[in-house]
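Chemist:
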Amino acid sequence: MRLEQTESRRAACDLCGSRARSLVAARDRRGKPLRTVLCTRCGLVRHWHIPTSAELDTFYAHEYRQAYHGETTPSDRRVLRAWRNGERICGLLGPHMPTGARVLEVGAGIGCTVKNFELRGWHASGIEPHVGFQRYASDVIRADVRNEDLFAHCPARPYDAILLVHVIEHFRSPRSALERIRELLVPNGLFYIECPNLAAPFAAPGKYFHAAHIHNFTPATLGAMARAAGFEPAAWLSGARDPDLALLVRRTDAADAAPIGAQGVCEAVDGMSRFNLWTYHARVAYVRNRARKIAAYLGEHVAARTIVRKLRERFGEETGSGKRRAA
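Letter by letter, the sequence shown follows residues -11 to 315 in this note's numbering.
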């Protein structure tokens, strides 16, 4: 299924409500038609036409993983990468988390981050829209991940912390999603957001946009979106030029919808125009990171099968011994 951008082209900006916008791209990273616009009031970048809720529900439940990852059941290499990413996130957030906290991951994928938090003593669970990945999380990783939608999720009691790792860009209304997440948190509860950083930028010119990423954020627009939904920054865990944004916020009593104006616009425009193809690929940082990634990929291909087999054996033993999963 192709995501059709069917929402009215006069749709208001999800951050500031303005209808003023400027076209910044006509095609996606694969060269397919996809109009992307910049809000000229706040700088939020989004699809011109936004898919309907029904389209998105179907796409993420059954088609997204195949369309963008090429698989409906995760490969050993994907499991290894997800496991290591879960270890990274635990290490990053652990110092900020209260002991024994109830943690929810929205868009938990195959459950590796949830499982890492569980193994370190937190009461961790997750929700995941894709049927195949959720089943793998539950049956193989033995993580408490359920096939539920954020807006339908009704826990028995609120969470101490919620994680949203490379998910906010997929929402048709990030603001509505963040407002719902706020409702699921205890007072002063923590909320971690991670997403691509358009101000870095995170990809080469012409490769920024694709159909599944409906919104694109910079530090200014991500911070403003969090404040508008009723959060205050607790810690920026990424740098302004890192390819991914990592923001830890805390639930507050009231939303702050103060406009960011020219700062947001300038940050987005600068990020999208700073490099051409030559200057982007000629950077020392790009060459260094590319070499590191290639080495990591080679290592993953060699080690993935063995490491994932050991993980499966480990979690199978936990289940056989009757060890209780996180509530």
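Glycine is no exception: its CB is placed at the ideal position from the N, C-alpha and C atoms. Bear in mind the structure is a predicted one, so any value in this text is a computation, not a measurement.
Of the residues 287, 261 and 20, which one's Cα is nearest the Cα of residue 189?
Modeler: Locating residue 189 in the sequence shown gives position 201, counting from the first residue. Ranking 287, 261 and 20 by Cα distance to residue 189 puts 261 first.
Chemist: Thinking just about the alpha-carbon of each residue, which of 208, 142 and 44 is nearest to the one in residue 29?
Modeler: Your numbering for residue 29 matches position 41 in the sequence shown. For the residues 208, 142 and 44, the minimum Cα distance to residue 29 belongs to 208.
Chemist: With DSSP as the reference, label residue 27 as helix, strand or coil.
Modeler: As a position in the sequence shown, residue 27 is number 39, starting the count at 1. When secondary structure is reduced to three states using DSSP, residue 27 falls in the strand class.
Chemist: Once the 5 residues before and after residue 101 are set aside, which same chain residues still bring their CB inside 6 Å of it?
Modeler: What you label residue 101 is simply residue 113 of the sequence shown in a count that begins at 1. Only 74, 77 and 93 meet the Cβ criterion.
Chemist: I'd like to check one pair, residue 216 with residue 163: are the Cβ atoms closer than 8 Å?
Modeler: Translated into the one-based positions of the sequence shown, residue 163 becomes position 175. Translated into the one-based positions of the sequence shown, residue 216 becomes position 228. It is a contact, given that the beta carbons lie within the stated cut-off.
Chemist: With DSSP run on the structure shown, which of helix, strand or coil describes residue 258?
Modeler: Here residue 258 refers to the residue found at position 270 when the sequence shown is read from its first residue. In the structure shown, residue 258 sits in a helix (DSSP, three-state: H, G or I).
Chemist: Whole angstroms are fine: how far does the CA of residue 155 sit from the CA of residue 45?
Modeler: Along the sequence shown, read from residue 1 onward, the residue named residue 45 stands at position 57. Along the sequence shown, read from residue 1 onward, the residue named residue 155 stands at position 167. The straight-line gap from Cα to Cα measures roughly 14 Å.
Chemist: At a cut of 8 Å, does the region 239 to 259 reach the region 95 to 109 through at least three beta carbon pairs?
Modeler: no
Chemist: Is it true that the region 183 to 198 meets the region 218 to 238, where meeting means three or more beta-carbon pairs spaced less than 8 Å apart?
Modeler: The region 183 to 198 makes contact with the region 218 to 238; the number of CB pairs closer than 8 Å reaches 3 or more.
Chemist: How do the region 195 to 209 and the region 8 to 22 stand: do at least 3 beta-carbon pairs fall below 8 Å, yes or no?
Modeler: yes
Chemist: Among 13, 136, -1 and 26, which residue has its Cα nearest to the Cα of residue 249?
Modeler: Residue mapping note: residue 249 aligns to position 261 of the sequence shown, counting from 1. Out of 13, 136, -1 and 26, 26 has the C-alpha closest to the C-alpha of residue 249.
Chemist: With residue 10 as the anchor, note down where its beta strand (DSSP E) starts and where it stops.
Modeler: Position 22 of the sequence shown, counted from the first residue, corresponds to residue 10. Start and end: 9 to 15.
Chemist: Within 10 angstroms of its Cβ, does residue 87 collect 16 or more other Cβ (buried), or is it exposed?
Modeler: By one-based count along the sequence shown, residue 87 stands at place 99. Its Cβ having fewer than 16 others within 10 Å, residue 87 is exposed.
Chemist: Rank 90, 125 and 117 by C-alpha distance to the C-alpha of residue 108 and give the top, closest one.
Modeler: Position 120 of the sequence shown, counting from 1, holds the residue named residue 108. Measuring from the Cα of residue 108, the nearest candidate turns out to be 90.
Chemist: Based on Cα-Cα distance, which residue from 180, 136, 160 and 69 lies nearest to residue 37?
Modeler: Position 49 of the sequence shown, counted from the start, is the residue given in the question as residue 37. Of 180, 136, 160 and 69, the residue nearest in Cα terms is 160.
Chemist: Would you tell me roughly how many angstroms separate the C-alpha atoms of residue 274 and residue 258, rounded to the nearest one?
Modeler: Taking the first residue of the sequence shown as position 1, residue 274 is located at position 286. Taking the first residue of the sequence shown as position 1, residue 258 is located at position 270. Taking the straight line from one Cα to the other gives about 18 Å.
Chemist: Name the DSSP bridge partner or partners of residue 37?
Modeler: Along the sequence shown, one-based indexing puts residue 37 at 49. In the DSSP output, where bridge partners are listed per residue, residue 37 has none listed.
Chemist: Examine the Cβ distances between the region 166 to 182 and the region -3 to 11 and report whether three or more of them are shorter than 8 Å.
Modeler: When C-beta atoms of the region 166 to 182 are compared with those of the region -3 to 11, fewer than three pairs fall below 8 Å, so the two segments do not count as touching.
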